[in-house]
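Working notes, structure below.
Protein chains: 2
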Amino acid sequence: MEFLAAEEIGKKIKEISVAEFFEKNRHLLGYENPTRSLLTVVKESVDNSLDACIEARILPTIKVLVKPVGSNRFRVRVEDNGPGLPPKKIPIAFGKFLVGSKFHKLKQSVGTLGVGVKGAILYAQLTTGKPAKIQTYYKGEKHYFELFIDVLKNTPKIVSHKVEKVSKNLHGLSIELIVEGRYVKGQQSIPTYLKYISIANPYVEIIFDSPDGRITFKRVTKELPPPPKEIKPHPYGVELGKFKRMLRLTRQKTIAAFLKNEFCRISMEKAIKICKLARLKPTRSPRKLGEDEIEKLYRATQMVKLRGPPTKCLSPLNEKMLIEALKREFPGEFFAAVVRKPSVYRGFPFQVQAALAYGENLNLNGCLLIRLANHTPLLYNAGECAITKAAQQINWRNYGLSQSEGCLPNAPLVLLVDFISVWIPYTSEGKQAIAQYPEIMKEIKLALQEIGRKLSVYLSRKRKIIRLKTKRNIFESYAKVFSEFLSTLTGKKEDYIRKKIDELIKKGVEVEKIEKKLKEKTEIIEL
Amino acid sequence: MEFLAAEEIGKKIKEISVAEFFEKNRHLLGYENPTRSLLTVVKESVDNSLDACIEARILPTIKVLVKPVGSNRFRVRVEDNGPGLPPKKIPIAFGKFLVGSKFHKLKQSVGTLGVGVKGAILYAQLTTGKPAKIQTYYKGEKHYFELFIDVLKNTPKIVSHKVEKVSKNLHGLSIELIVEGRYVKGQQSIPTYLKYISIANPYVEIIFDSPDGRITFKRVTKELPPPPKEIKPHPYGVELGKFKRMLRLTRQKTIAAFLKNEFCRISMEKAIKICKLARLKPTRSPRKLGEDEIEKLYRATQMVKLRGPPTKCLSPLNEKMLIEALKREFPGEFFAAVVRKPSVYRGFPFQVQAALAYGENLNLNGCLLIRLANHTPLLYNAGECAITKAAQQINWRNYGLSQSEGCLPNAPLVLLVDFISVWIPYTSEGKQAIAQYPEIMKEIKLALQEIGRKLSVYLSRKRKIIRLKTKRNIFESYAKVFSEFLSTLTGKKEDYIRKKIDELIKKGVEVEKIEKKLKEKTEIIEL
Numbered sequence: 000m001e002f003l004a005a006e007e008i009g010k011k012i013k014e015i016s017v018a019e020f021f022e023k024n025r026h027l028l029g030y031e032n033p034t035r036s037l038l039t040v041v042k043e044s045v046d047n048s049l050d051a052c053i054e055a056r057i058l059p060t061i062k063v064l065v066k067p068v069g070s071n072r073f074r075v076r077v078e079d080n081g082p083g084l085p086p087k088k089i090p091i092a093f094g095k096f097l098v099g100s101k102f103h104k105l106k107q108s109v110g111t112l113g114v115g116v117k118g119a120i121l122y123a124q125l126t127t128g129k130p131a132k133i134q135t136y137y138k139g140e141k142h143y144f145e146l147f148i149d150v151l152k153n154t155p156k157i158v159s160h161k162v163e164k165v166s167k168n169l170h171g172l173s174i175e176l177i178v179e180g181r182y183v184k185g186q187q188s189i190p191t192y193l194k195y196i197s198i199a200n201p202y203v204e205i206i207f208d209s210p211d212g213r214i215t216f217k218r219v220t221k222e223l224p225p226p227p228k229e230i231k232p233h234p235y236g237v238e239l240g241k242f243k244r245m246l247r248l249t250r251q252k253t254i255a256a257f258l259k260n261e262f263c264r265i266s267m268e269k270a271i272k273i274c275k276l277a278r279l280k281p282t283r284s285p286r287k288l289g290e291d292e293i294e295k296l297y298r299a300t301q302m303v304k305l306r307g308p309p310t311k312c313l314s315p316l317n318e319k320m321l322i323e324a325l326k327r328e329f330p331g332e333f334f335a336a337v338v339r340k341p342s343v344y345r346g347f348p349f350q351v352q353a354a355l356a357y358g359e360n361l362n363l364n365g366c367l368l369i370r371l372a373n374h375t376p377l378l379y380n381a382g383e384c385a386i387t388k389a390a391q392q393i394n395w396r397n398y399g400l401s402q403s404e405g406c407l408p409n410a411p412l413v414l415l416v417d418f419i420s421v422w423i424p425y426t427s428e429g430k431q432a433i434a435q436y437p438e439i440m441k442e443i444k445l446a447l448q449e450i451g452r453k454l455s456v457y458l459s460r461k462r463k464i465i466r467l468k469t470k471r472n473i474f475e476s477y478a479k480v481f482s483e484f485l486s487t488l489t490g491k492k493e494d495y496i497r498k499k500i501d502e503l504i505k506k507g508v509e510v511e512k513i514e515k516k517l518k519e520k521t522e523i524i525e526l
Numbered sequence: 000m001e002f003l004a005a006e007e008i009g010k011k012i013k014e015i016s017v018a019e020f021f022e023k024n025r026h027l028l029g030y031e032n033p034t035r036s037l038l039t040v041v042k043e044s045v046d047n048s049l050d051a052c053i054e055a056r057i058l059p060t061i062k063v064l065v066k067p068v069g070s071n072r073f074r075v076r077v078e079d080n081g082p083g084l085p086p087k088k089i090p091i092a093f094g095k096f097l098v099g100s101k102f103h104k105l106k107q108s109v110g111t112l113g114v115g116v117k118g119a120i121l122y123a124q125l126t127t128g129k130p131a132k133i134q135t136y137y138k139g140e141k142h143y144f145e146l147f148i149d150v151l152k153n154t155p156k157i158v159s160h161k162v163e164k165v166s167k168n169l170h171g172l173s174i175e176l177i178v179e180g181r182y183v184k185g186q187q188s189i190p191t192y193l194k195y196i197s198i199a200n201p202y203v204e205i206i207f208d209s210p211d212g213r214i215t216f217k218r219v220t221k222e223l224p225p226p227p228k229e230i231k232p233h234p235y236g237v238e239l240g241k242f243k244r245m246l247r248l249t250r251q252k253t254i255a256a257f258l259k260n261e262f263c264r265i266s267m268e269k270a271i272k273i274c275k276l277a278r279l280k281p282t283r284s285p286r287k288l289g290e291d292e293i294e295k296l297y298r299a300t301q302m303v304k305l306r307g308p309p310t311k312c313l314s315p316l317n318e319k320m321l322i323e324a325l326k327r328e329f330p331g332e333f334f335a336a337v338v339r340k341p342s343v344y345r346g347f348p349f350q351v352q353a354a355l356a357y358g359e360n361l362n363l364n365g366c367l368l369i370r371l372a373n374h375t376p377l378l379y380n381a382g383e384c385a386i387t388k389a390a391q392q393i394n395w396r397n398y399g400l401s402q403s404e405g406c407l408p409n410a411p412l413v414l415l416v417d418f419i420s421v422w423i424p425y426t427s428e429g430k431q432a433i434a435q436y437p438e439i440m441k442e443i444k445l446a447l448q449e450i451g452r453k454l455s456v457y458l459s460r461k462r463k464i465i466r467l468k469t470k471r472n473i474f475e476s477y478a479k480v481f482s483e484f485l486s487t488l489t490g491k492k493e494d495y496i497r498k499k500i501d502e503l504i505k506k507g508v509e510v511e512k513i514e515k516k517l518k519e520k521t522e523i524i525e526l
């Protein structure tokens, strides 16, 4: 009886194609409702465009089109001026899940998983049955593909491929999809996503043809951030299983050379020290170690003291750029920004940058928190995100703001936090929230506290002015009666006395001077 | 220049094995810190055991062992009395991601993704480098495997396979892993997880050899719930892309037969009606339809009125079982339970059951919310879960409980919500939270409101007793003085008068009667 059941279960054991897996679990990729799905389609394509342009050191100009075609259906087209792709790579890069150029690199980029844009193509064919249209310029040719993903096989299925001669100077890639969706405005929308992109990537120009007309986000600077470099893994971030695999696959002839060349921060001296600790000859072949020897060697690499990983792999904005961009979209009264020093989690270098805009004039309904990961906006799953949690755990009352316990401050404030790393620990493939590693939480809090303190100084000056103004108003309102009285008393002319009194008030209550100082402070941000 | 970059990017485009993907993104599977990781290892194995036993209609007895072996390392062993697996299927079922028996079925089960236990094996080899040890009884033989997952290829790597003759009556499967972890008690712990399993699956017996000694969770009933049946997809839940694929792969000769036989709730009559709506001959071959014709046919299936999917695929507990199990772990003063009628989201049938235990004696620090999906506890990511959100959005003040805005009620209360479905929309592969589909939220709220109302009746009775008791206490404390006074006044004996007064109080303030009624009410739960 039981073995019949075992047999039955055994028969049902089947392989699942990864495309099929994501088709059935499309909410994992961010396709759980029509509103979010439309945003995800745009996001995945724009992310790819940004990565390609930055990789090729091209100032990105990205054209986004979202046009309704029938009820609940949209044509989405994203076109960039990036390097494009060799045509022979198009089918696999767009038609097969878990294929990508960035997964194995330790280098800051937006995409990494080899999943993103395939999810958009899958979603399009699932909801409207229409193929993806991809076009790339390449060495004086324009290549145009129409393709599906064969879901059961996880392979590209090319419907058509056309080639045309064009000018040698043309470059770039575009993707067009027909998808089911719902177009909205507001906080979790495509316009907001693009606006935040342009704030966090001030060198990008975005031309958005929305269902309501064209919106242009101009670039604020022509300066690309320094190119992020690829780094080797740091020993502290490599788990035993991975270490074993590296030993098996290495081309290095000795353990010492393996340690020195396959990791960062291990000099030959350190490598020999590690071997000594593990009681292994540094000249032994790395591929011939036994299980126990591997474990000893691993433990030794974890015990020896090493510098943190290099941070040239990260590419933060500078504070000025950040404030310029924020100012344009949120013209408040006070701004501050900070770029923290790099830090490390699970061996991965990361860095936090934060900025704020404050203004009674900003017409905000409370505090607006802009979350970013490698300069890309995160619009969903705020509740699970390290950035939200960190911001809520700060005591903003210390900085002169009102706040309910465990909430964001209650003030006309925009907070922007950008988490940059060679590996972003997203809480799901939908890439909308950052996992709450303790090291990450700590750095975000420190960044927010730093700009919080700056705001606090501004706010206390501002409160002082209000107090002084009230005081002066009181004096002024009594000045006339007082002048009359003194004139009668002294026999001097009322006008003369009034003038003297006004001078006294002005000197005694120096509102203008402080106001000027305050204004200066908002321009010169101390960093 | 650009094309050099394109060439460069093109060269880097590589396939990523799904095992490698999950290795690098292990937080997606629930391996983000040592505490949660240890729990996940246990959970994935126990989930599989439960599914196998229920599939084979065996009363599950599951032995769980968690023993420390060195610092931060644990031996985890899970053994069941289920049907086991045919030995030839072991390598692929445990050594390859995206292989499973449940992914393609529309039937209630705990596992579905073909990911779970492979994640545990991957985590073991990554953190301790040790292979998984799997043992199955099969037709009078004991098969013992030691295996790894070859991460770069996503294939099993068998280290050893031993066979031994044993009694024909032995059945069951066990898995043993050595993993890095941290063992804790409290809300998000292995003991809590197993306790909740035993509450929601009262027919399961669990013997847990914890680091602190043995804990046994006895079965409360020997009655297995009715076996869930597999159903065909409901037309309203099938997207266009899937519909196209079904048409292409079907063995049916006519469109009408295709519609009738590959979906539930389409009779031949309905099938012909659909064809008519789509202006297609019912006798045409389903594999020879053009793009436009397919879309027309699809639209017609969505337009025609069909009954909801059958619900024999779901297997809820009954209310009594639920209360029995809850009582054992939370011996409070009042209990209530409800099993809602099945409902549908994205074409998938689902059902919500909820129960509560209330008691000042329960020593609870506020409300405890137990979340379950297909009778399996969800211990993490509460903030993102449909169950938490629904419970927080209910106005519990309506039911006589105190509550801060947007929070769980502030009362000594255990709330249990079990979401059962043929397809659970988890928010990540870690399977710890349910996506907030509107239909799901609505049903959870209705279930909670129903048991909330029952609690409300109990609480108002209880408050009445307290009022009456206070009243009686006041009467009683004045009875002596009053008797003396009346005795002097009337000349009758003080004892006689006192007796009469006591009788009057007792009659006038009928606490006992109401208390008795209240007690009865807690036993007979109206459903």
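So the protein sequences, as listed, match chains A and B.
So for the first sequence, numbering that gives the first Met the number 0 puts the first residue at 0; every next one is plus one.
So for the second sequence, numbering that gives the first Met the number 0 puts the first residue at 0; every next one is plus one.
For every residue, glycine included, the Cβ atom is placed at its ideal position computed from N, Cα and C.
Skipping 5 residues on each side, what residues in its chain have a beta carbon closer than 6 Å to that of B:L239? Y297
Where does the unbroken beta strand (DSSP E) through A:E140 begin, and where does it stop? For A:E140, the uninterrupted beta strand (DSSP E) run begins and ends at 140–149, by DSSP.
So does B:V45 have its beta carbon nearer than 7 Å to some heavy atom of the ligand HEM? Annotation note on the ligand HEM: not contained in the displayed structure, which lists no ligands.
For chain A, find out if any of its Cβ atoms is closer than 8 Å to the Cβ of B:R370; answer yes or no. no
Step through the CB atoms of chain A and report whether any lies within less than 8 Å of the CB of B:F262. no
Environment of B:N80 [buried if 16+ CB atoms lie within 10 Å]: buried
For the segment 55–93 of chain B, list the beta strand (DSSP E) runs that are entirely contained and at least 3 residues long, ordered along the chain. 60–67, 72–79
Where B:E204 meets chain A, residues with beta-carbon distance less than 9 Å: Ordered by position in chain A, no residue passes the 9 Å Cβ test against B:E204, which lies about 17 Å from the chain.
Using a Cβ-Cβ cut-off of less than 7 Å, give me the residues of the segment 357–383 of chain A that come near chain B, in sequence order. N380, G382, E383
Checking 8 Å against the spacing of the C-beta atoms, do B:Q251 and B:F242 come in under that value? Not closer than 8 Å, so no.
Span of the alpha helix (DSSP H) holding A:F481? 437–489
Give me, in chain order, the residues of the same chain whose beta-carbon lies closer than 8 Å to that of A:E525; leave out the 5 immediate sequence neighbours on both sides. Confidence at A:E525 is low in this model, with a pLDDT of 37, below 50, so the placement of that residue is unreliable and no value is reported for it.
So, using beta-carbon positions, are A:Y136 and A:L169 closer together than 8 Å? Cβ distance < 8 Å, so A:Y136 and A:L169 count as in contact.
Mind pulling the chain A residues with CB within less than 9 Å of B:H26? P424, Y425, T426, A434, Y436
Give a yes or no on whether the C-beta atoms belonging to A:I439 and A:F349 are separated by under 8 Å. Yes, they are a contact pair.
Under 8 Å, Cβ to Cβ, is there at least one residue of chain B near A:G443? According to the sequence as given, residue 443 of chain A is Ile; it is not Gly. False, the Cβ-Cβ gap to chain B never drops below 8 Å.
Whole alpha helix (DSSP H) elements within the segment 134–222 of chain A, 4-residue minimum: 189–199
Quick check on the burial criterion: 16 or more other C-beta atoms within 10 angstroms. Buried or exposed for A:Y30? A:Y30 is buried by the Cβ-count criterion.
Apart from the five residues just before and just after B:L485, which ones in its own chain have a Cβ nearer than 7 Å to its Cβ? I496
Taking C-beta pairs closer than 9 Å, name the residues in chain B that A:V98 reaches, listed in chain order. Under the 9 Å cutoff, chain B gives I12, K13, E14, I15.
If you follow the alpha helix (DSSP H) that B:V116 is part of, which residue opens it and which one closes it? It spans 115–126 - the alpha helix (DSSP H) in which B:V116 sits, taken as one unbroken run.
Buried or exposed, going by whether 16 or more other CB atoms sit within 10 Å of the CB of B:T375? buried
Our contact map puts B:L400 next to B:A410 with C-beta atoms below 8 Å; I'd like the distance itself, whole angstroms only. 5 Å
Just to confirm the assignment, what range does the beta strand (DSSP E) spanning A:Y398 have? It is not in any beta strand (DSSP E) - A:Y398 carries neither H nor E in the DSSP assignment.
Which term fits B:I465, buried or exposed, when burial requires 16 or more other beta carbons within 10 angstroms of its beta carbon? exposed
Roughly how many angstroms separate the alpha carbons of A:I265 and A:E323, rounded to a whole number? 40 Å
Between the beta-carbon of A:L415 and the beta-carbon of A:A478, is there less than 8 Å? no
What did DSSP end up calling B:N360 once you bin it into helix, strand or coil? helix
Can you say whether A:K217 is buried or exposed, counting buried as having 16 or more other CB atoms within 10 angstroms of its CB? Exposed, since its Cβ has fewer than 16 Cβ neighbours within 10 Å.
Test: B:F73 CB closer than 8 Å to a CB of chain A: False, the Cβ-Cβ gap to chain A never drops below 8 Å.
Say whether the segment 118–131 of chain A touches the segment 34–44 of chain A, bearing in mind that this needs 3 or more beta-carbon pairs closer than 8 Å, one atom from each stretch. yes
Per DSSP, which residues does A:K13 bridge with? Please list them. B:G99
Which whole-angstrom value is the C-beta distance of A:R72 and A:E145, which I expect to be below 8 Å? The Cβ separation is near 18 Å, so there is no contact.
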